[in-house]
Each structure stands twice: as C-alpha cells, then as structure tokens.
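A.B. asks:
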Amino acid sequence: MVLINQFQTEGVTMKYTDYELTFPKPDLLVNRKDLDFFLFDWLKIDAEDKTSPPRSLMDRSEVSALLDKASTIAREKMLPFAATIDENQPKLEDGKVFITPEVKEILQTLIKEGFWSLFARTGKYKNRYSETVESALLTIFSSSEVSSTSYLGLALGAARLVDSFCSPELKEKYLQPMYEGRFFGTMVLSETEHGSTLSHIQTTADPQNDGTYHIKGEKTWISAGDHDLSENNIHMVLARTPDAPEGIRGISLFLVPKYPVNDDHSLGERNGYDIVRINPKMGARSYVNNLMRFGDTKPCLGYLVGQENMGLAYMFQMMNESRIAVGQGAAVMGYAGYQYAVAYAKWRVQGKAMTAKKGDPPTPIINHPDIRRMLLMQKCYAEGSLALCMYASDIHDKLLNAGTDEERNDLYNYYEFLTPIVKSYPSEWGLEANKLAIQVLGGAGYVRLDPTECFYRNNRINAIHEGTHGVQAVDLLGRKIARSDGIELRILSAQIDKTCLQAEKISELRGLGAELMRRLHQVLDVTEQLLEINRNGDRVKFLADSTAYLDMMGHLLVGWLWLDMSVAASQKLNGDSKDADPDFLNGKIHACQFYFEREIPKIDGWISSLLSEKSVLLNINENGF
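Be aware that the sequence shown starts at 849, since it is given in our numbering, and climbs by one per residue.
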C-alpha cells in the first residue's frame, strides 16, 4: 500500500510497510529553459521585425523579468493551493454558487500584480506584449493551478468579445470593469437537448420597447456560469429573436449581466436567471460548470451585441480563443506529468540494469529501456503540444499586425485552420503523456493524492471542453478545408519546405526533411481526393472518418514543429552562444529523431483509413452494436 502526502509539500514521502523513502518534489512549473527556447531561440520574438509593431517592444530582458515575476507568483501564491482547490469542489446553496476561497485569493493576486489587465487589447489597458508572450505567461500560471487560470482566460475572452462587437454604450458600462478584473465573463451556448448543435438552439430573445431583450431558455455545460469570485458576471448568450431565420443564420448574441449596470455605474438588481445545478466534473473541479435557466422565475434582461442574426459569427472569436486555451491547458497538464515522471524515474531505484553483473546494485528506473521509451514519448507529446500552442500564438501575432488585407485574410484563414488542431492534438496526446506518466510511477501514479492522478483527471476533460474531438474533426475537414478548397495547406507546405531545406544541411537531421516532405505530399493527395468526394456531393463519405484526418494533420504539423525546433537547437549548439546547454539542446534533437522514428509512421495508417473503399463504418446496423 503506497501512501503519498499532498503534493504541495516540500517532498513526497512514500511509506511502505517496512521502510520509508522521500521523493524530492520536482518543480511542477513549466521549465523556463523550454519557454526561453520557444520564445527566443525558436520563434525569435526579440528579433527586429518592422512589420509587427508589438515585436519592436520585445526586449528580451524585459520579457524575461515578466516571466520571472509570473513564475514567482505561480510558485509561491498558486501552486501551494493546488491540492486544496482540487479537493474542495464548488457548492450550490440557496441558488448561489460558492467557490473554495483559495481560487479567489489566487485571482485577486493576479489582478493586484497587473497580470489581468496586461492581457487587454484596447484603450488604456492595451497590451504592449505580443500574443506569444501572453501564451507563455498563461502556460506558467496553468502549470501551477489550472482551475484558477481558466477563470482568467474565459473572463478576458468575454471582455475581448465586448471590446470587438458591443455598442459604445455597453462598452462604457461593462468593458473597463472586465479588463480590471472586477467583472468576470463567460459564454453561454449549449442547450440540454441540443448540445453542440447550435443550429437547433431554442433560447429566445423578445425585444422590449426600451431596446433591451428578455431572454428565456435553458443552457447547460456553462463554464464559470455563476460564482462568488467577482462583483459581477457577464454572460455572452446565444439566442433567437422572433422571426429569425432557421439554423445558424438566425442566431443572435446578447450581453446578459448578473447585475445590470446603471447609468451612474452602480449595480442594479439581480438579473432573472437561476442556477439549477452544478455539473460535478472529474477534473479542473473548481472551474465550475452550471445548468442555468433564463427568464424562468422573472424576466431576464439582455442587450443585443452588434446586429441581429450575426451572433455565431461574433461568438466564434471567443470560441476560437477558448479552444486555443483548452489546447494550451492540455499541453501544460501533459508537460507537468512528464516533468514529474522524469524526476521520479531518476530517483526511483528498482531492478538491475540489463547489462548488470552479479553483485551489481539496483539501478534508477530511468536506465530501463521501456521507461526511457515512455519518457521520450511523453517529451514528444508534451513539448510538441506546447510548441504547437506557441506557434499558433505567433501566427495570431502576425494576423493582428498584418500589413495588407490580403495578408490579413490569408493569416485569418490559416489561424482558423490551426485552431481545431491546436485544441485537439494536446487534448488527445497530452492525455497520452499523462497516461504514460502514471505508468512510469506504477502504483504511486494512480493513488488519489499523487499529482499524476490529478493531472490525468484534469486533462481528460479537455478532449470534450469547447467541442469534442469529433466536433473539431468535422470543423477542420468539413468547414475549414472544404470552404477554402485546402488553400491553408499551401501556406503550411511553404513553411515545411523551408524547414526541410535547412534540416538537410544538418547531419543529425539529414533525411528527416525528405521523410516529412514525402508524408506532406501524401497528405495533400488524400486531401484532394476527399475534396473531390465532397464536390461530388457525398458529404457522408467525405466526413465519415474526419477524426482520422484530424489525427493525421496533427501528427504532420507537430512533426514539422519538432524538425523546425531541432534546426533552431542545432544552430544554437553550433553558434557562438555562451548560454548554450548541450544536454538540453541535444534533448530536443533526440526527441525529434524519436518522433520521426515512432510517430510520423502513424500517418500511413490514417491515410490508409481515409482512402479505404470499405464501408463497414457506415454499413453496420445500429442493432449490431
């Protein structure tokens, strides 16, 4: 029987029947070496770039100081609360939701230290840092306590939605408190009967003589629907006005405050919606999830955002941000488990090395080949997932600062193409990293008070948060690829081609570029064949195995990122940099080699599945299951 104490303590004590061992706790925060490598050596955010105004402000020492400050807060003010927050779930009492106070303490610290308003985009709160730096900061905070950080991300997403599309009158009342962290926010989409099928939503918005609307309907799976963490909570609600067209063309967006703001900026009476229940979750437990009824016991006031029937188009801004955030959280959970497993494998002595002679002592388990296999796979998945999130942020930086309409349009479509991959790859393969971390620890990995068990629970929900794996697959192939006829792949192809040419000049990477190009051409071919099926009108066959397409594309993209990072690692190794760490940089190159050895070949299986003429998937009768 293994007993492990709360993981926020200085060491994890493992008590057995006859002896006691202390496992020194590893630092669970994301490794600054990795963040520095992503930002400065690979993405080169401090390089002079006149086409991207925020980049001109990216002084390395300034960014490093900001990351140091974030790390200190995460380590001292967030990580010590992680276990307590996980164990104390939100409570619903007398129609009010109460969150364990440690979450509020964390969020108030972030507000006080300026990290809340730092993420704003306009006005006096305009962020002077790039999206990529913002991503790095959220990575640090998420690696310490993911539930609290989720409130931050969702609230700021709602604020940016208000900033982008609300009237000046609504902005004047609601935007500043949202950017200051006094008002939080959330998005309200799903309904009990219809889930992610937004075209079928039934929530109504009845116009009033004063220009407001009365919202009526039931919504569920609402993250941060209600809580006691802020003065006010601003719901961005999808609903239908009278005579609205059917389907997604008839959806409008409404700002529905918990407390409407009066003209003098004071808070009015509690708005007419009720919290029916808290949906208890297996992971990220203190990030509350609610079932809500609007206008059931008294009128619920709402304000139209933008134009009628444009709601889903507006909401996609926040939905895409949230999907990226989910992917980032999944990457961080996979990474945290990996760090913990590495530390444990270096410490845990068990069994003899395969080359041991009689009388040799037992060896740390990191010397066993299968343990090394599992650690390398974790490294590939976890660091590859983080790189994917950082890369997406870098593309968004370029989008926000595009010089021409044509460039902006191309980058927008490319960023949209990336979004379902960024959401899904870490959610699927970061979870696989967590599974392997538990396997490395053995029995110590699955007991309730070990962090690897918590990481797995936290991460398992990410494949469902903000759209399931299947929803993301249909979005990628059926919406993004189909509408553009695959033009985004040409942008990706150009970047892959550039990396492959560089890789061929590096001895450790020679041959990997050619391997990647071969797989790229196969992916382009299968995409064209699928698009032809779609042009011929067979929508069912076109989308029947879309999850295979998503998995294939994710592995191709992350394979390229590993190769691109390895080029950067090799350049630093062979350059005149005084801070080059050979073990660290060679670790990147070895992980890349391993990914190409073990993971890239999986693309062949997905291609085979996508091109198969067999129709078992579609032909089996429902009673055959």
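From the three backbone atoms N, C-alpha and C, an ideal C-beta is built for every residue, glycine too. All of these numbers come straight from a predicted model, not from anything done at the bench.
Report the three-state DSSP secondary structure of R1196 (helix, strand or coil).
C.D. replies: Here residue 1196 refers to the residue found at position 348 of the sequence shown. Looking at R1196 - three-state DSSP - the assignment turns out to be coil, as it is neither helix nor strand.
A.B. asks: With burial defined as no fewer than 16 other Cβ atoms inside 10 Å of the residue's Cβ, what is the status of V1319: buried or exposed?
C.D. replies: By 1-based counting over the sequence shown, the position of residue 1319 is 471. By the neighbour-count rule (16 or more Cβ atoms within 10 Å), V1319 is buried.
A.B. asks: Tell me which residues share the same chain as I1123 and place their Cβ nearer than 7 Å to its Cβ, disregarding the 5 neighbours each side in the sequence.
C.D. replies: Within the sequence shown, numbered from 1, the residue matching residue 1123 stands at position 275. Only L940, G943, V945, G1073, D1074, N1138 and M1140 meet the Cβ criterion.
A.B. asks: Reducing DSSP to helix, strand and coil, say where S1100 ends up.
C.D. replies: Your numbering for residue 1100 matches position 252 in the sequence shown. Correct three-state label for S1100: strand.
A.B. asks: I need the straight-line Cα distance from P1430 to V1180, nearest angstrom please.
C.D. replies: The residue labelled residue 1430 in the question sits at position 582 within the sequence shown. The residue labelled residue 1180 in the question sits at position 332 within the sequence shown. Inter-residue distance for P1430 and V1180 is about 24 Å (C-alpha atoms, whole angstroms).
A.B. asks: Tell me, which residues are paired with T1034 by DSSP?
C.D. replies: As a working mapping, residue 1034 is identified with position 186 in the sequence shown. T1034 is bridged to H1083.
A.B. asks: Tell me whether T980 is buried or exposed, calling it buried when 16 or more other Cβ atoms sit within 10 Å of its Cβ.
C.D. replies: Translated into positions along the sequence shown, residue 980 becomes position 132. T980 comes out buried.
A.B. asks: Taking a contact to mean a Cβ-Cβ separation below 8 Å, would you say Y1397 touches L1325 in this structure?
C.D. replies: Numbered from its first residue, the sequence shown carries residue 1397 at position 549. Numbered from its first residue, the sequence shown carries residue 1325 at position 477. Closer than 8 Å, so yes.
A.B. asks: Whose C-alpha, out of L1360, V1197 and L1466, is nearest the C-alpha of P1449?
C.D. replies: Position 601 of the sequence shown, counted from the first residue, corresponds to residue 1449. Among L1360, V1197 and L1466, the Cα nearest to that of P1449 is on L1360.
A.B. asks: What beta strand (DSSP E) runs, 3 residues minimum, are completely inside the stretch 914 to 961?
C.D. replies: 939 to 941 and 944 to 946
A.B. asks: When you compare each of L1458, E1066, I1344 and R908 to R1125 by their alpha carbons, which one comes out closest?
C.D. replies: Indexing the sequence shown from 1 puts residue 1125 at position 277. Closest option to R1125, Cα to Cα, is E1066.
A.B. asks: Measure from the alpha carbon of Q1370 to the alpha carbon of each residue in K1271, I1451 and I1286, then state which is nearest.
C.D. replies: Position 522 of the sequence shown, counted from the first residue, corresponds to residue 1370. Among K1271, I1451 and I1286, the Cα nearest to that of Q1370 is on I1451.
A.B. asks: Go ahead and label Q1155 buried or exposed: buried means 16 or more other beta carbons lie within 10 angstroms of its beta carbon, across all protein chains shown.
C.D. replies: In the sequence shown, counting from the first residue as 1, residue 1155 sits at position 307. Exposed, since its Cβ has fewer than 16 Cβ neighbours within 10 Å.
A.B. asks: Quick check on P1025: does DSSP put it in helix, strand or coil?
C.D. replies: Residue numbering aside, residue 1025 sits at position 177 when the sequence shown is read from its first letter. Three-state DSSP puts P1025 in a helix.
A.B. asks: Classify R1088 as helix, strand or coil using the three-state DSSP reduction.
C.D. replies: One-based indexing of the sequence shown puts residue 1088 at position 240. Looking at R1088 - three-state DSSP - the assignment turns out to be strand.
A.B. asks: What are the start and end residues of the beta strand (DSSP E) that includes G1062?
C.D. replies: The residue labelled residue 1062 in the question sits at position 214 within the sequence shown. Looking at the sequence shown, residue 1062 is not Gly but His. Residues Y1061 to S1071.
A.B. asks: Do you know whose CA, among L914, N936, T957 and C1348, lies nearest M926's CA?
C.D. replies: Taking the sequence shown and counting its residues from 1, the one referred to as residue 926 is at position 78. With distances taken between Cα atoms, M926 lies closest to T957.
A.B. asks: Considering only the alpha carbon of each residue, which of K1328, E1352, G1131 and G1278 lies closest to R1296?
C.D. replies: The residue labelled residue 1296 in the question sits at position 448 within the sequence shown. Here the closest residue by C-alpha is G1131.
A.B. asks: Can you tell me the Cα-Cα spacing of L1465 and K1389, whole angstroms?
C.D. replies: The residue given as residue 1465 occupies position 617 in the sequence shown. The residue given as residue 1389 occupies position 541 in the sequence shown. Going by the C-alpha atoms only, they are around 10 Å apart.
A.B. asks: Name the one or two DSSP bridge partners that A1053 has.
C.D. replies: In the sequence shown, the residue the question calls residue 1053 occupies position 205. I1063.
A.B. asks: Of the choices F1142, I1243 and F1444, whose alpha-carbon is the least far from that of R1256?
C.D. replies: As a working note, residue 1256 is residue 408 in the sequence shown. Out of F1142, I1243 and F1444, I1243 has the C-alpha closest to the C-alpha of R1256.
A.B. asks: So for D1122, helix, strand or coil by DSSP?
C.D. replies: The count along the sequence shown starts at 1 and reaches residue 1122 at position 274. In the structure shown, D1122 falls within a strand segment according to DSSP collapsed to helix, strand and coil.
A.B. asks: Exposed or buried, what is F886 when buried is set at 16 or more other beta-carbons lying within 10 Å of its beta-carbon?
C.D. replies: Residue numbering aside, residue 886 sits at position 38 when the sequence shown is read from its first letter. By the 10 Å Cβ count, F886 comes out buried.
A.B. asks: Specify the secondary structure class of N1467 as computed by DSSP and reduced to three states.
C.D. replies: By 1-based counting over the sequence shown, the position of residue 1467 is 619. N1467: helix per DSSP, three-state reduction.
A.B. asks: Taking C-beta to C-beta, are I1354 and S1418 nearer than 8 Å?
C.D. replies: One-based indexing of the sequence shown puts residue 1354 at position 506. One-based indexing of the sequence shown puts residue 1418 at position 570. It is a contact, given that the beta carbons lie within the stated cut-off.
A.B. asks: Do F871 and W1195 have their CB atoms nearer than 8 Å?
C.D. replies: Here residue 871 corresponds to residue number 23 of the sequence shown, with the count starting at 1. Here residue 1195 corresponds to residue number 347 of the sequence shown, with the count starting at 1. W1195 sits close to F871, with the two beta carbons spaced by under 8 Å.
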